[in-house]
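Note sheet for the following structure.
Right under this line is the structure:
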């Protein structure tokens, strides 16, 4: 027995209008709250100094870093370039001097890590005063 003879069958449909409204609100929200930053690359120009050369201090320890990464403490090359060896060399070079100034002369092609290692070695040795040597632009 078919009791549904006279009724029309409605085809179920999905109403897309509310879905589109919600998606547009989400897109507008994302466009307003997103910050657009472009990091393609940083151009760094290192400064040069025109200041006159100061007289050397008696408690100054000179540390040089070559382009190949070799470290020289008061013009004496070190066999190892790890932080512990550099800090021991700094202690020997400072001797009994009270609070020496560590002057870092790094080559332009020296790695950043080698300069950071020297700074860390100075901190390990207990020498907080660090200075960087520059050259005049000529």
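In my numbering, the protein residues as written are 93 to 230. No residue lacks a Cβ here, since even glycine has one placed at the ideal position from N, Cα and C. Predicted model only: the values in this text are computed from it and were never measured.
Own chain residues within Cβ distance below 7 Å of residue i, not counting five before or after
i, result
"residue 217", "179, 182 and 183"
"residue 203", "161"
"residue 211", "222"
Assigned secondary structure, residue i (DSSP; H/G/I helix, E/B strand, else coil)
i, result
"residue 122", "helix"
"residue 216", "helix"
"residue 177", "helix"
"residue 186", "helix"
Identity of the residues DSSP links to residue i by a beta bridge
i, result
"residue 223", "195"
"residue 108", "DSSP output for residue 108 lists no bridge partner at all."
Residue from the options with nearest C-alpha to residue i
i, options, result
"residue 187", "166, 107, 170 and 122", "166"
"residue 192", "215, 112 and 171", "215"
Notebook entry, point to check: Would you say the segment 189-200 touches the segment 167-177, given that touching needs at least three Cβ pairs under 8 Å?
Noted result: no
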